[in-house]
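Accompanying notes for the structure given below.
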Amino acid sequence: MRLRFIVIVSSALLCAAQARAEIVSAGPAGFNLRLVAEVPNPAPVVWASLADIGKWWDPEHTYSGDSRNLTLEPFVRGCFCEKLSLYAGIEHATVIYAQPAKTLRLSGAIGPLQEFGVSGVMTWNIEPAGGGSRITLTYNVGGYADRPLADWAPIVDEVLGGQLKRLTRYITQGNPEAPKAEGTR
Numbered sequence: 021m022r023l024r025f026i027v028i029v030s031s032a033l034l035c036a037a038q039a040r041a042e043i044v045s046a047g048p049a050g051f052n053l054r055l056v057a058e059v060p061n062p063a064p065v066v067w068a069s070l071a072d073i074g075k076w077w078d079p080e081h082t083y084s085g086d087s088r089n090l091t092l093e094p095f096v097r098g099c100f101c102e103k104l105s106l107y108a109g110i111e112h113a114t115v116i117y118a119q120p121a122k123t124l125r126l127s128g129a130i131g132p133l134q135e136f137g138v139s140g141v142m143t144w145n146i147e148p149a150g151g152g153s154r155i156t157l158t159y160n161v162g163g164y165a166d167r168p169l170a171d172w173a174p175i176v177d178e179v180l181g182g183q184l185k186r187l188t189r190y191i192t193q194g195n196p197e198a199p200k201a202e203g204t205r
């Protein structure tokens, strides 16, 4: 049991050590984020996992409180959507570019940005790296909000950074949750 715990923690640390986040630029009217992670898996596995968003997205960052209500259709005009009830739901973004196992680009203002006069473009690039794959997530947002968009940049960066970590754990371990320290429940 202890060896299993050490392997899980080591894997999580390896994923975390390879994840990098950066606020490329931020100003009153917009921001640009860039997050990068590497996984030992080939691009088709990464692509399939990315599309399986309901299994790795943090439920704390959904409107329904349940990430199983999320879907991501990885084709042009596909929807990154969330079902709330029989006729209620949210379109978080629309797929505007899809090149399987390479690039998925979505257009939409996600989360609380959706209520403002902003637009956002989120791009997931997958490329071979070190016998596995490098995932680069960029999110460019511009427009008008309740305060300068530069103030939103660190918040969105933290949320997307957490999502990328969850995706890498899902890809590498089959579970997006961070391993719990021994002795905690």
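Just remember that the numbering used here sits 20 ahead of the position in the sequence shown, which is counted from 1. By construction, the Cβ of each residue, glycine as well, lies at the ideal position given by its N, Cα and C atoms.
Q.
According to DSSP, R154 sits in a beta bridge with which residue or residues?
A. In the sequence shown, residue 154 corresponds to position 134, counting from 1. Under DSSP, R154 shares a beta bridge with E58, E147.
Q: Tell me A46's beta-bridge partners as DSSP assigns them.
A: Walking along the sequence shown from the start, residue 46 turns up at place 26. A46 pairs with F51.
Q | Which residues DSSP lists as bridging N89, in chain order | A | Locating residue 89 in the sequence shown gives position 69, counting from the first residue. Within the DSSP bridge table, the entry for N89 names no partner.
Q | Residues of its chain near A121, where Cβ-Cβ distance is below 7 Å and the 5 sequence neighbours each way are ignored | A | Numbered from 1 along the sequence shown, position 101 holds the residue referred to as residue 121. The answer, listed in chain order, is A63, P64, W67, I146.
Q: Rounded to whole angstroms, what's the CA-CA distance from H112 to E93? Just pull it up for me.
A: Counting from one through the sequence shown, the residue named residue 112 turns up at place 92. Counting from one through the sequence shown, the residue named residue 93 turns up at place 73. Between H112 and E93, the C-alpha separation is close to 12 Å.
Q: Look up L124 in the DSSP assignment and say whether it is helix, strand or coil.
A: Numbered from its first residue, the sequence shown carries residue 124 at position 104. Looking at L124 - three-state DSSP - the assignment turns out to be strand.
Q | Inter-residue spacing [alpha-carbon to alpha-carbon] between T192 and N61 | A | Position 172 of the sequence shown, counting from 1, holds the residue named residue 192. Position 41 of the sequence shown, counting from 1, holds the residue named residue 61. Going by the C-alpha atoms only, they are around 7 Å apart.
Q. Can you tell which of A118, V141, D166 has the C-alpha that lies nearest to the C-alpha of E135?
A. One-based indexing of the sequence shown puts residue 135 at position 115. Nearest Cα to E135 within the set A118, V141, D166: D166.
Q.
Between which two residues does the beta strand (DSSP E) holding T82 run?
A. In the sequence shown, residue 82 corresponds to position 62, counting from 1. Counted as a single uninterrupted DSSP element, the stretch harbouring T82 is not any beta strand (DSSP E), since DSSP gives it neither H nor E.
Q: Would you give the residue range spanned by the alpha helix (DSSP H) that K185 belongs to?
A: Residue numbering aside, residue 185 sits at position 165 when the sequence shown is read from its first letter. K185 -> alpha helix (DSSP H) spans 169-193.
Q | Span of the beta strand (DSSP E) around V115 | A | For the purposes of this step, residue 115 is identified with residue 95 of the sequence shown, where counting begins at 1. From DSSP, the beta strand (DSSP E) with V115 extends over 109-119.
Q: Could you check which residue in D72, L53, G131 has the C-alpha nearest to that of N195?
A: Within the sequence shown, residue 195 is the residue found at index 175, counting from 1. The option with the nearest alpha carbon to N195 is D72.
Q) How many angstroms separate the CA atom of A108 from the CA atom of G151? A) Taking the sequence shown and counting its residues from 1, the one referred to as residue 108 is at position 88. Taking the sequence shown and counting its residues from 1, the one referred to as residue 151 is at position 131. Cα-Cα distance, rounded: 43 Å.
(Q) Mapping the DSSP letters down to three states, classify K200 as helix, strand or coil. (A) Residue mapping note: residue 200 aligns to position 180 of the sequence shown, counting from 1. Reduced to three states, the DSSP call for K200 is coil.
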